[in-house]
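Student: Sharing a structure here in structure tokens format.
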Amino acid sequence: MDFNPDSVKWRCCCCSLPSGMRLLASIELAFCTLTGTIAMYNIVHQKPEELTAFEICLVGLMLFFGLTCVMLIIGVQKHAHTLIYPSLLARGLTVLFLAVFGVSTVFASSKSPHSPSEHQAWRDEGAKIDDDEPNIALQLVLFVFCMLFLIIAIFYCSYLVVRLIHFEQSYARLKERRSSLIQAGMIDPDFPSPNNYSASRRASSA
Numbered sequence: 601m602d603f604n605p606d607s608v609k610w611r612c613c614c615c616s617l618p619s620g621m622r623l624l625a626s627i628e629l630a631f632c633t634l635t636g637t638i639a640m641y642n643i644v645h646q647k648p649e650e651l652t653a654f655e656i657c658l659v660g661l662m663l664f665f666g667l668t669c670v671m672l673i674i675g676v677q678k679h680a681h682t683l684i685y686p687s688l689l690a691r692g693l694t695v696l697f698l699a700v701f702g703v704s705t706v707f708a709s710s711k712s713p714h715s716p717s718e719h720q721a722w723r724d725e726g727a728k729i730d731d732d733e734p735n736i737a738l739q740l741v742l743f744v745f746c747m748l749f750l751i752i753a754i755f756y757c758s759y760l761v762v763r764l765i766h767f768e769q770s771y772a773r774l775k776e777r778r779s780s781l782i783q784a785g786m787i788d789p790d791f792p793s794p795n796n797y798s799a800s801r802r803a804s805s806a
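Written as structure tokens, this is what we have:
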């Protein structure tokens, strides 16, 4: 079956797939710019010894993700599917980032009664620590649900990126086939190029 860029198969959110992905990439670029700017502002206005690996990785991820968004927009504009592949890598790194730092943040907030200081606090204020345990469990449950939602959203966007790559590959093959037919029609006027092929079909039907 011939590739049709205007087919319903290549529609996303009431618009064409390339247009929808350009809009999504623009939103992601704005989010990465805002998040990266806030993180950089916090890094600049804090002491060097207070710098954490979370902030460094967050800034690096936002820079890389923003760059892949720009590459995706350019790839759609120029129909270059090779510029879209890094977007899949950025989404994979985002899932890894959420898994590593999200879990560590939740469990770092929990208090272990096995350390000496926490054991003393547990002895002195046992009732208070017991009251904190449900809050930690609630935080963990909320974190799991948020992580599940974010991962589903990231995988769905990755699915759209894969579809966009297939679209651009099919479009490139269609463009190459049309160019070959036009060149062959210029060499041999009797060759069924896209223009005289449709004209010959109209003549034969008449």
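Position one of the sequence shown corresponds to residue 601 (the working numbering), numbered consecutively onward. We treat Cβ as the ideally placed atom computed from N, Cα and C, and that holds for glycine.
Run through DSSP, which three-state label would Ser626 get?
Tutor: Looking at Ser626 - three-state DSSP - the assignment turns out to be helix.
Student: Starting from Gln646, follow the alpha helix (DSSP H) in both directions and report where the run begins and ends.
Tutor: Element bounds for Gln646: n/a, residue is neither H nor E.
Student: Does the beta-carbon distance from Phe655 to Ile643 come in below 8 Å?
Tutor: The question names Phe, yet the displayed sequence has Glu at residue 655. It is a contact, given that the beta carbons lie within the stated cut-off.
Student: Report all residues from its chain with a CB closer than 7 Å to the CB of Leu651; omit the five preceding and five following residues, and keep chain order.
Tutor: Contacts found: Ile643.
Student: Quick check: the region 673–693 against the region 742–750, are there 3 or more CB pairs under 8 Å?
Tutor: No, the region 673–693 is not in contact with the region 742–750.
Student: So, at 8 Å on beta carbons, what are the nonlocal neighbours of Met621 in its own chain, with the 5 sequence-adjacent residues on each side left out?
Tutor: Excluding positions up to five away in sequence, the list reads Cys612, Leu672, Val676, Leu760, Val761, Leu764.
Student: Does the separation of the CB atoms of Met747 and Leu698 fall below 8 Å?
Tutor: Yes; because the gap between Cβ atoms is below 8 Å, this pair is in contact.
Student: Any idea if Arg691 is buried or exposed, counting beta-carbon neighbours within 10 angstroms, 16 or more meaning buried?
Tutor: So Arg691 counts as buried.
Student: Using beta-carbon positions only, say whether Cys670 and Leu629 come within less than 8 Å of one another.
Tutor: Just to set this straight, residue 670 is Val in the shown sequence, not Cys. Contact: yes.
Student: Between Pro716 and the rest of its own chain, which residues show a CB-CB distance below 6 Å, the 5 nearest in sequence each way excluded?
Tutor: With a pLDDT of 48 at Pro716, under the threshold of 50, the modelled position of this residue cannot be trusted; read the value that follows with caution. Closer than 6 Å at the Cβ level, and outside the excluded window around Pro716, lies no residue.
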